[in-house]
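Undergrad:
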Amino acid sequence: MAAAAAPPPPRSPRPSRVPPHGPPARPEPPGPGNSRTPPRGLRQHMERHVPVHALPEEIRKMSRDETVCKYCGVSYLILHEFKVMEEKVKAMEKEIKFYEGSIEREQRLQAELQALYRDLERYRAASESKSERIKSLTMELKTKQEEFKNVKADLQYFQEEKEAAYKQSQVLRSTLEHHCSTLNKAVSLFPFIRSELDSIKEVISTNLENWAAMKEEISLQIKTVSKEALTEIPKLNQRLAKSQRENECLQEKVKHLTGVADTVELKTQQLQTSLQQGNELQSRCRELQKETLDLTNQVETTGLQLQKVTAELDHYKKLLMMKSTELEVCQNELKKMKYENGISESRLTKELKEKEESLLICQQVCKHLQEEVAEKERKEEDLKRRTGRSESELETLKTLLSQTEEEVVMLKQERELMVVSHQTRTEQLQEALRQKMRSEETWREKLEMDLAKGEARQKEAILKVKEEARVELDLERQKQQELITKYQRDHEELQKKIPGLISSATKSLRMEAEILEKKLQDAQMKLAEKDGDKEKEIQSLKRLISELEFQLTMEKNNNESFLDKLRKEMKHKSDELEKLTQERTQLIHSLSQVQEENSLLQETVRRECEERCGLTAALSRAREQVLELRRLSGTFPGPPWPRSRAGPAPGRELRLSGALGMPRAAKGAAAGRHSPGSAGPSPPHAPRGRAASLPEPRSRSIPGITRRPSQL
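Each residue of the sequence shown is one higher than the one before, counting from 1 in the UniProt record's numbering.
#1: Across which residues does DSSP place Val605 in a beta bridge pair?
#2: In this structure, does DSSP put Ser136 in helix, strand or coil?
#3: Using a Cβ-Cβ cutoff of less than 8 Å, which residues in the same chain neighbour Leu120 once the five nearest sequence positions on both sides are dropped?
#4: Assuming Gln168 and Glu512 are in contact, meaning their beta carbons sit under 8 Å apart, how far apart are those beta carbons, in whole angstroms?
#5: Less than 9 Å separating the beta-carbons of residue 724 and Lys579?
#6: Measure the C-alpha to C-alpha separation of Glu608 and Asp262 and round it to an integer number of angstroms.
#7: For residue 717, count the other beta carbons within 10 Å of its own beta carbon; 16 or more makes it buried, fewer makes it exposed. Which is it?
#8: Quick one: is Leu615 buried, meaning 16 or more other Cβ sit within 10 Å of its Cβ, or exposed?
#9: Here's the rule I'm using: 16 or more other beta-carbon atoms within 10 Å means buried, otherwise exposed. How should Val419 be labelled?
#10: On the DSSP letters alone, give me the boundaries of the alpha helix (DSSP H) that Arg60 sits inside.
#11: Run through the DSSP bridge pairs and tell me what Ser546 is partnered with.
#12: Going by DSSP, what residues sit across from Ser633 in a beta bridge?
#13: In whole angstroms, give me the CA-to-CA distance for Leu619 and Val626.
#14: Relative to the alpha-carbon of Leu509, which residue among Lys446, Leu172, Tyr76, Gln251 has its alpha-carbon at the smallest distance?
#15: What does the alpha-carbon distance come out to for the pair Leu236 and Lys152?
#16: Just checking, does the segment 364–382 make contact with the segment 288–298 on the three C-beta pairs under 8 Å criterion?
#17: Terminal residues of the continuous alpha helix (DSSP H) containing Arg64?
#18: Suppose contacts are defined by Cβ-Cβ distances below 9 Å. Is His422 in contact with Lys162 by that definition?
#19: Relative to the alpha-carbon of Leu552, which residue among Arg133, Lys83, Val89 has its alpha-carbon at the smallest distance?
#20: Is the segment 209–216 touching the segment 352–367 in the sense that three or more CB pairs, one from each, lie closer than 8 Å?
#21: For a quick check, are the C-beta atoms of Val264 and Leu113 less than 9 Å apart?
#22: From Lys253 to Val260, what does the alpha carbon distance come to, in whole angstroms?
#23: To the nearest angstrom, how far is it from the Cα of Arg489 to the Cα of Leu429?
#24: Excluding sequence positions up to five away, which residues of its chain have a Cβ less than 8 Å from the Cβ of Glu431?
#25: Give me the residue from Glu596, Ala164, Met437 with the minimum Cα distance to Ile200.
#26: Does the segment 360–370 come into contact with the segment 563–581, if we say contact requires no fewer than three beta-carbon pairs (one atom in each stretch) closer than 8 Å?
#27: One question on the structure: do Ile96 and Ser592 come within less than 9 Å of each other, judged by their Cβ atoms?
#28: Find the nearest neighbour of Lys142 within the set Leu516, Glu448, Ile545, Leu632, judged by alpha-carbon distance.
#29: For Gln595, which residues in the same chain have their Cβ closer than 8 Å to its Cβ, ignoring the five residues on either side in sequence?
#30: When you compare only the Cα positions, how much space is there between Glu147 and Lys267?
#31: What runs of the beta strand (DSSP E), each 3 residues or longer, lie entirely inside the segment 204–234?
#32: Just the Cα atoms here: how many angstroms apart are Arg64 and Leu271?
#33: By how many angstroms is the C-alpha of Leu451 removed from the C-alpha of Glu441?
#34: Could you tell me the distance, in whole angstroms, from the CA atom of Trp641 to the CA atom of Lys308?
#35: Of the residues Lys83, Gly101, Glu416, Gln298, which one's Cα is nearest the Cα of Thr604?
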């Protein structure tokens, strides 16, 4: 990557092509006898001609050998090729403009990506906090549900106790009624039972007061629990509403992130297309290099033809000796240029290899980015699934909350009904006791009144009996004594029975009180056991909470490590993107250089064509002069080589006649380069493989040049 990112080495200065004896003379205008060279007006018209209609497909499909002139090596479709090259250059300029704007786009995209990653981190933190809140709410709901269940169990237990107490109260009522009947009988006989009844009433009242106090405590506990539940239920509803809103916001943000991920994928595709376009640009550069090689080959062919022409013309004119020296200088310069071209080609090949390696690395990085995008999409799908599950769980929690609220309302109604029924029942029992006490007092008064009436009646009867018959007193006394004895016996029996009944009643009441005390102790023991179970459950819940907090801390650490890795990857990717932008700028710079070289080649080809026309005219004039000299002299000494070599074929003459453009073009370019007012372009680089093709004609032409002056 470092080699690919390095700038290209500076070009070495090219050798000058200034001949030793000054610039060459410009060719004279063609004469009337030269039909091969076109006139100047037609040449200017050909230069200004721009093709309007496209070439037919038959000409386009023709091979390169058919469209290239065998005489000069120039294509017949050179204007069309120049037009195609101009269109390619325009397309390349458009692509360069597009790539110039792509740097700012990439910077904007990088800024957007960084902002999106920041938003992702924020949303992840918010989602984690919300998930923790949801977990805490679920734990609180579970605890509240367990508390509700415990309260329900307590209520059921108290209801069972109430039913048992109600049954016991019914039994007590039956026993009390039985005892009341016995007590009424006893009261009718023994008024001293009032004190014992008062003591029994006090015991019963104390028991009732204790029972009422216990009921009040239980009712207060139930009220406090219900109030706490009622205060916590709206809070939980508010928290659920907030969690639902937050989940909706998270869903919207996840949708937005999916859209952003799609845009990122599109941008990655655009980057891949830009890389493909870069590859196409490299292929086009290679094609341009091939075309430059073809042009250099044509230049070499023209050089060979020039050497042959100089070999034929040296024995006619001494001035051509100077040209041979100039040719040697040009050949040395060509060798230097070929050597420099070989070095530049090797350097360019190395740079191309390095760029290909960098492109492969970029493709691997793009694949890695695509895999990361796929992983992120999978993670987003997992998040969506989790959010769906959390929503379903929230719905179930809502249903459970509604059910618990309904159950609480039902329990409240039942509790109120039970309290009302219990109060009415206690009032009824109190009224019944009061009525019984009142009835007992009325019975006592009636018995006393009856006793008083009976005594009065007895006295009246006794007086009547005394007045009516004293005779029957003895009989009556006997009868009364018998009756008194009977009454005494009955009285003694009743006196004996009353303490047994009282003791049995007191024993039964004491036994019932002991049973109630035992039940109260059992209830207290059960409550203590339940409190211990609740404390154990609370401790277990605390342990679970500590474990969950430890797991949450571990997950937070894992998430932080994952975020650090993502940040490092983002930095690495940003560095790679910067490297890619640098490589792209280098490619654009190399493309601009290639375009400049193409423009220079076009100018050199145009100048060579002009000079080739001038050289053909000069050759035709020289041949005419030679023919005139032969006609005048008659017997002119011929060249020492054989006729097969002295008399070239017409096709060969045609090739040689157009080959004098090479040295003059080279001289003109060198003169233009070294002239103070001119700014001519430097000649193109020759291919490396053709470096060994020029020395052979040079070695052939030099001995011919050395022989001819001796023969002349």
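For glycine and all other residues, C-beta sits at the position ideal for the given N, C-alpha and C.
TA: Reading from the atomic positions:
#1: Within the sequence shown, numbered from 1, the residue matching residue 605 stands at position 605. Val605 is not bridged to any residue.
#2: If you number the sequence shown from 1, residue 136 lands on position 136. Reduced to three states, the DSSP call for Ser136 is helix.
#3: If you number the sequence shown from 1, residue 120 lands on position 120. Result list for Leu120: Leu257, in chain order.
#4: Residue numbering aside, residue 168 sits at position 168 when the sequence shown is read from its first letter. Residue numbering aside, residue 512 sits at position 512 when the sequence shown is read from its first letter. That belief holds up - the Cβ atoms of Gln168 and Glu512 are roughly 7 Å apart, short of 8 Å.
#5: Coverage of the chain is limited to positions 1 through 712, which leaves residue 724 absent and any answer about it impossible.
#6: Along the sequence shown, read from residue 1 onward, the residue named residue 608 stands at position 608. Along the sequence shown, read from residue 1 onward, the residue named residue 262 stands at position 262. Rounded to the nearest angstrom, the two C-alpha atoms are 57 Å apart.
#7: Since the first residue of the chain shown is 1 and the last is 712, residue 717 is not available in this structure.
#8: Taking the sequence shown and counting its residues from 1, the one referred to as residue 615 is at position 615. Flag for Leu615 reads buried.
#9: Taking the sequence shown and counting its residues from 1, one reaches residue 419 at position 419. Exposed, since its Cβ has fewer than 16 Cβ neighbours within 10 Å.
#10: For the purposes of this step, residue 60 is identified with residue 60 of the sequence shown, where counting begins at 1. Arg60 -> alpha helix (DSSP H) spans 57–60.
#11: One-based indexing of the sequence shown puts residue 546 at position 546. None; Ser546 has no bridge partner.
#12: As a working note, residue 633 is residue 633 in the sequence shown. DSSP output for Ser633 lists no bridge partner at all.
#13: Looking up residue 619 in the sequence shown gives position 619. Looking up residue 626 in the sequence shown gives position 626. Each residue's alpha carbon lies about 10 Å from the other.
#14: To locate residue 509, count along the sequence shown from 1; it is residue 509. The candidate whose alpha carbon is nearest that of Leu509 is Leu172.
#15: Counting from one through the sequence shown, the residue named residue 236 turns up at place 236. Counting from one through the sequence shown, the residue named residue 152 turns up at place 152. Computed Cα separation, rounded: 21 Å.
#16: no
#17: The sequence position of residue 64 within the sequence shown is 64, counting from 1. It spans 64–67 - the alpha helix (DSSP H) in which Arg64 sits, taken as one unbroken run.
#18: Along the sequence shown, read from residue 1 onward, the residue named residue 422 stands at position 422. Along the sequence shown, read from residue 1 onward, the residue named residue 162 stands at position 162. Yes, these two residues count as a Cβ contact at 9 Å.
#19: Taking the sequence shown and counting its residues from 1, one reaches residue 552 at position 552. Leu552 has its Cα closest to that of Arg133, out of Arg133, Lys83, Val89.
#20: no
#21: On the sequence shown, residue 264 is found 264 positions in, with the first residue counted as 1. On the sequence shown, residue 113 is found 113 positions in, with the first residue counted as 1. Their beta carbons are under 9 Å apart, which means Val264 touches Leu113 by this criterion.
#22: Taking the sequence shown and counting its residues from 1, the one referred to as residue 253 is at position 253. Taking the sequence shown and counting its residues from 1, the one referred to as residue 260 is at position 260. For Lys253 and Val260, the distance between alpha carbons rounds to 10 Å.
#23: Along the sequence shown, one-based indexing puts residue 489 at 489. Along the sequence shown, one-based indexing puts residue 429 at 429. Spanning the two alpha carbons is a distance of roughly 39 Å.
#24: If you number the sequence shown from 1, residue 431 lands on position 431. Within the same chain, Glu431 has no close Cβ partners at all.
#25: As a working mapping, residue 200 is identified with position 200 in the sequence shown. Among Glu596, Ala164, Met437, the Cα nearest to that of Ile200 belongs to Met437.
#26: yes
#27: Walking along the sequence shown from the start, residue 96 turns up at place 96. Walking along the sequence shown from the start, residue 592 turns up at place 592. Against a cut-off of 9 Å, the Cβ pair of Ser592 and Ile96 comes out as a contact.
#28: Along the sequence shown, one-based indexing puts residue 142 at 142. With distances taken between Cα atoms, Lys142 lies closest to Ile545.
#29: Along the sequence shown, read from residue 1 onward, the residue named residue 595 stands at position 595. Cβ neighbours of Gln595 beyond the five flanking positions: Val89, Met92.
#30: For this step, residue 147 is matched to residue 147 along the sequence shown. For this step, residue 267 is matched to residue 267 along the sequence shown. Between Glu147 and Lys267, the C-alpha separation is close to 57 Å.
#31: none
#32: By one-based count along the sequence shown, residue 64 stands at place 64. By one-based count along the sequence shown, residue 271 stands at place 271. Straight-line Cα distance between these residues: approximately 37 Å.
#33: The residue you call residue 441 lines up with position 441 of the sequence shown. The residue you call residue 451 lines up with position 451 of the sequence shown. Whole-angstrom Cα-Cα distance: 15 Å.
#34: Indexing the sequence shown from 1 puts residue 641 at position 641. Indexing the sequence shown from 1 puts residue 308 at position 308. Low confidence applies here, because Trp641 scores a pLDDT of 41, under 50, leaving its location unreliable; read the following figure in that light. Straight-line Cα distance between these residues: approximately 14 Å.
#35: In the sequence shown, the residue the question calls residue 604 occupies position 604. Among Lys83, Gly101, Glu416, Gln298, the Cα nearest to that of Thr604 is on Gln298.
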